[in-house]
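Chemist: The numbers in the working numbering rise by one with no breaks, and the one at position 72 of the sequence shown is 69.
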Amino acid sequence: MIRKAVLFDFDGTIADTAPDLGRALNRQRIAHDQPPLSIELIRTVASAGARGLLNLGFGLKPDDPGYQVMREEFLSFYTEQLCQDTRLFPGIPELLEQLDDQAIPWGIVTNKPARFTRPLIHLLGLHHRAACIISGDDTTYTKPHPEPLLTACRQINVAPDHCIYLGDDIRDVQASLAAGIKPIVALYGYLGTGDPPATWGAFELINHPGDLLRYI
């Protein structure tokens, strides 16, 4: 299979953001007289962002009273230490170099808001290399809706059926299939706590970023 472009999810796929997301959640829990949670527990829901983390940390859902106030408090904590321990996953730098060397465009499509995505991508040194960056508030809908991925395809001028999307959440697979893109699951990512990745309907599952090259 030869594809002309690769699109990536961000949290849990390109970058390990769980340490900084976890620090923000634990600072918030301590502020509310609750003990911190283990990073291992936090990592499982890190791809779900504030929604998943506030549910884990406080049992809050978006429709609950006080959710928005708690969300803004969490995001304030996160903003203060946005990229203290966030790192690219092992193998991602080498994969991106291979894509660049082969002149294969790659981009990032994430539900993370732009006020976090763009500074992080800049701090990680990827801002000048990504062919597109689609954040969660750049389109009307977020994943699992296909609109963000279709927007990315238009920006890089590559048809969806010539793209791969690598992600670590079932929403990534659902969005890919709806957009007509081949979804591949990053088993090294966060993966959530729901059904196992083998049941998501992805084209393939990989254990290491370098494994993606066999599908290009």
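All residues carry an ideal CB built from backbone N, CA and C; glycine is no exception. It should be emphasised that the depicted structure is a prediction, and the values quoted were computed from it without experimental measurement.
Please report how far the alpha carbon of Ala156 lies from the alpha carbon of Pro90, in whole angstroms.
Modeler: 25 Å
Chemist: With a threshold of 8 Å, are at least 3 pairs of Cβ atoms found where one atom belongs to the stretch 35 to 42 and the other to the stretch 64 to 75?
Modeler: These segments do not touch.
Chemist: Can you name the residues that DSSP bridges to Tyr162?
Modeler: Leu4, Pro180
Chemist: For Ile36, does the three-state DSSP call read helix, strand or coil?
Modeler: helix
Chemist: Evaluate the contact criterion for the stretch 193 to 213 versus the stretch 40 to 60: three or more CB pairs, one atom per stretch, below 8 Å.
Modeler: no
Chemist: Return the first residue and the last residue of the alpha helix (DSSP H) that Cys150 is part of.
Modeler: 144 to 153
Chemist: Buried or exposed, going by whether 16 or more other CB atoms sit within 10 Å of the CB of Tyr138?
Modeler: Flag for Tyr138 reads exposed.
Chemist: According to DSSP, what are the bridge partners of Gly54?
Modeler: BP columns for Gly54 are empty, so no partner.
Chemist: Would you report the Cα separation of Ala183 and Pro32, rounded to the nearest angstrom?
Modeler: The C-alpha of Pro32 is placed about 31 Å away from the C-alpha of Ala183.
Chemist: What did DSSP end up calling Gly198 once you bin it into helix, strand or coil?
Modeler: Three-state result, Gly198: coil.
Chemist: Tell me, which residues are paired with Val106 by DSSP?
Modeler: Ile131
Chemist: With 16 other CB atoms within 10 Å as the buried threshold, where does Ser35 fall?
Modeler: exposed
Chemist: For Leu146 versus Leu209, is the C-beta distance shorter than 8 Å?
Modeler: no
Chemist: Quick check on Thr190 - is its C-beta less than 8 Å from some C-beta in chain B?
Modeler: Judged by its chain identifiers, the structure shown contains no chain B, having just a single protein chain.
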